[in-house]
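Visitor:
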Amino acid sequence: MKNYDAVIIGFGKGGKTLAGALAKAGKEVALIEKSSRMYGGTCINVGCIPSKSLVTSAEKAAEHNGENYDSKAERYRLAIEEKRRVTSFLRQKNYEKLNSLPNVTVIDGEGRFVSPKEIEIVSADGSSEVIRGEKIFINTGARPVIPSIKGVENNPKVYYSEDLMDEEKLPERLTIIGAGYIGMEFASMYNNFGSKVTVLQYETEFLPREDSDVSAAIMEIEEKRGVRFIFGAKTLEINGASVVYEKDGKIETLDGDAVLVATGRRPNTDFLQAEKAGVELEPRGAVRVDAQLRT
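Start counting the sequence shown at 154; every next residue gets the next number (this note's numbering).
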């Protein structure tokens, strides 16, 4: 069994920064990442950077809103290509930066606890190995919440933020379920690209965590740009890209070409077997910490 001073589960922003700092301090570090497409973590690959790349392209595309759909779709396809170029470049740079350090070992696979100081790494082919770490850091990130709505799973017309940003065809009509931060970013972005965007929100308030004057201003701006909002809408079912919802006791159907589910994110801790390390999890999967943020 190989022994390390530190084992870090997850190649995200926190994990890679910590791995580099510990390595430069002379520590032997193992960095575990289950997907070679996620070197660098959420921000670089499926979060901040790809979305901001597309936001920038969408703002430029909005200057050509008078064009026909085919022209808009081609601008969108080129924006997806540019997003892929940027993320691929940064992913490789992140990998090379850490892998070039003599005392950092990047291991592909999914890590789970065997004991407080032992981690089993399961590879994509099902093989596994166990390593030991004097200190082990959980940096497993989060993933989209899959709501219990009929027709969501295994539906090729239903997307989450991560996979919609890889879709090459611009949806003419995009329905977004959820008016939170991710939902609003994508509503603005796809509206600028030329999609007809409708946002369904179960709550009756818009961006309730923001000051009321701020949320009101954002909503006014987006409505003037053509984004449609339906509040108090409970989604009942999704048939292809058609969403069935209930509002004010009436059942309505909203047709579209794609559905983005933006109902929040949850921690990636299901596989960890955290209890074997004595680590407690919250009901939603987050690591339970004390007042000083210690596990």
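A virtual CB, placed ideally from N, CA and C, is assigned to each residue, including glycine.
Remember, it's a predicted structure, so these values are computed and weren't measured experimentally.
1) Using the Cα positions of Val-298 and Leu-251, report the straight-line distance between them to the nearest angstrom.
2) List the DSSP bridge partners of Pro-297.
3) Spatial neighbours of Met-342 within its chain, please: C-beta separation below 8 Å, excluding the five flanking residues on both sides.
4) Since Arg-285 contacts Asn-156 with CB under 8 Å, what's their CB separation in whole angstroms?
5) Rounded to whole angstroms, what is the Cα-Cα separation between Gly-379 and Phe-339?
6) DSSP on Gln-445, reduced to helix/strand/coil?
7) Look up Tyr-312 in the DSSP assignment and give the residues it is bridged to.
8) Quick one: what's got a C-beta closer than 7 Å to Gly-304's C-beta in the same chain, skipping five residues either side?
9) So, does the CB of Ser-365 fall closer than 7 Å to a CB anywhere in chain B?
10) Looking at C-alpha atoms only, which residue of Gly-262, Ser-276, Ile-260 and Cys-196 is the closest neighbour of Leu-243?
11) Would Ile-162 and Gly-264 qualify as a contact pair, given that the criterion is a beta-carbon distance under 7 Å?
12) Do Thr-258 and Ala-183 have their C-beta atoms within less than 7 Å of each other?
13) Reducing DSSP to helix, strand and coil, say where Gln-245 ends up.
14) For the beta strand (DSSP E) that contains Thr-406, what are its first and last residues?
15) Any contact between the segment 304-321 and the segment 427-435? By contact I mean 3 or more CB pairs, one from each, below 8 Å.
16) Can you name, in chain order, every residue of its own chain whose Cβ lies under 6 Å from the Cβ of Ser-368, other than the five neighbours on each side?
17) For Val-208, which of helix, strand or coil comes out of DSSP?
18) Going by beta carbon distance, what residues of the same chain come within less than 6 Å of Glu-321, once the five residues before and after it are set aside?
19) Among the residues of its own chain, which have a CB less than 7 Å from the CB of Ala-215, if the five just before and after it don't count?
20) Going by DSSP, which residues form a beta bridge with Ile-374?
21) Could you tell me which residues DSSP pairs with Lys-303 in its beta bridges?
22) Starting from Asp-357 and walking both ways along the beta strand (DSSP E), at which residues does that stretch end?
23) What's the C-alpha gap between Ser-365 and Gly-168?
24) Taking Ile-329 as the reference, give the member of Thr-351, Gly-347 and Lys-310 with the closest Cα.
25) For Val-239, which of helix, strand or coil comes out of DSSP?
26) Indicate the three-state DSSP secondary structure (helix, strand or coil) for Ala-369 in the structure shown.
27) Relative to the C-alpha of Glu-181, which candidate in Ala-394, Ala-159, Leu-323 and Lys-246 has its C-alpha closest?
Guide: Once the coordinates are examined:
1) Position 145 of the sequence shown, counted from the first residue, corresponds to residue 298. Position 98 of the sequence shown, counted from the first residue, corresponds to residue 251. Val-298 and Leu-251: Cα-Cα distance of roughly 31 Å.
2) Residue 297 sits at position 144 when you count from the first residue of the sequence shown. Answer is Arg-418, bridged to Pro-297.
3) The sequence position of residue 342 within the sequence shown is 189, counting from 1. Ser-204, Leu-207, Val-208 and Ala-211.
4) Counting from 1 along the sequence shown, the entry for residue 285 is found at position 132. Counting from 1 along the sequence shown, the entry for residue 156 is found at position 3. Confirmed, about 5 Å.
5) Sequence index remark: in the sequence shown, residue 379 carries index 226 (1-based). Sequence index remark: in the sequence shown, residue 339 carries index 186 (1-based). Taking C-alpha positions only, Gly-379 is separated from Phe-339 by approximately 13 Å.
6) Taking the sequence shown and counting its residues from 1, one reaches residue 445 at position 292. Three-state result, Gln-445: coil.
7) As a first step, residue 312 must be located in the sequence shown, where it is residue number 159. Partner(s): Leu-413.
8) Within the sequence shown, numbered from 1, the residue matching residue 304 stands at position 151. The answer, listed in chain order, is Glu-390, Ile-391 and Asn-392.
9) Of the chains in the structure shown, none is chain B; there is only one protein chain.
10) Translated into positions along the sequence shown, residue 243 becomes position 90. Distance from the Cα of Leu-243 is smallest, within the candidate group Gly-262, Ser-276, Ile-260 and Cys-196, for Cys-196.
11) One-based indexing of the sequence shown puts residue 162 at position 9. One-based indexing of the sequence shown puts residue 264 at position 111. Yes, they are a contact pair.
12) Within the sequence shown, residue 258 is the residue found at index 105, counting from 1. Within the sequence shown, residue 183 is the residue found at index 30, counting from 1. A Cβ-Cβ contact shorter than 7 Å links Thr-258 with Ala-183.
13) If you number the sequence shown from 1, residue 245 lands on position 92. DSSP places Gln-245 in the helix class (H, G or I) of the three-state scheme.
14) Reading the sequence shown from its first residue, position 253 is the one you call residue 406. In this chain, the beta strand (DSSP E) harbouring Thr-406 covers 403-407.
15) With contact defined as three or more Cβ pairs closer than 8 Å, the segment 304-321 and the segment 427-435 are not in contact.
16) As a first step, residue 368 is located in the sequence shown; it is residue number 215 there, counting from the start. In chain order, Phe-359 and Leu-360 place their CB closer than 6 Å to the CB of Ser-368, counting only its own chain and leaving out the 5 sequence neighbours on each side.
17) Here residue 208 refers to the residue found at position 55 when the sequence shown is read from its first residue. Helix at Val-208.
18) Looking up residue 321 in the sequence shown gives position 168. Setting aside the 5 residues that flank it on each side, Glu-321 is surrounded in the same chain by Arg-230 and Ile-233, each with a C-beta closer than 6 Å to its C-beta; the list follows chain order.
19) For this step, residue 215 is matched to residue 62 along the sequence shown. Only Asn-345 meet the Cβ criterion.
20) Along the sequence shown, one-based indexing puts residue 374 at 221. Paired residue(s): none; Ile-374 is not in a bridge.
21) The residue labelled residue 303 in the question sits at position 150 within the sequence shown. Beta-bridge pairing links Lys-303 to Glu-390.
22) For the purposes of this step, residue 357 is identified with residue 204 of the sequence shown, where counting begins at 1. Correcting the residue type first, residue 357 is Thr in the shown sequence and not Asp. Boundaries for Thr-357: no beta strand (DSSP E) harbours it, and the DSSP string shows neither H nor E there.
23) Counted from its first residue, the sequence shown places residue 365 at position 212. Counted from its first residue, the sequence shown places residue 168 at position 15. Taking the straight line from one Cα to the other gives about 36 Å.
24) Here residue 329 refers to the residue found at position 176 of the sequence shown. Measuring C-alpha to C-alpha distances from Ile-329 to each of Thr-351, Gly-347 and Lys-310 identifies Thr-351 as the nearest.
25) The residue labelled residue 239 in the question sits at position 86 within the sequence shown. Helix.
26) As a position in the sequence shown, residue 369 is number 216, starting the count at 1. It is helical.
27) If you number the sequence shown from 1, residue 181 lands on position 28. Of all alpha-carbon atoms in Ala-394, Ala-159, Leu-323 and Lys-246, the one lying nearest the alpha-carbon of Glu-181 is that of Ala-159.
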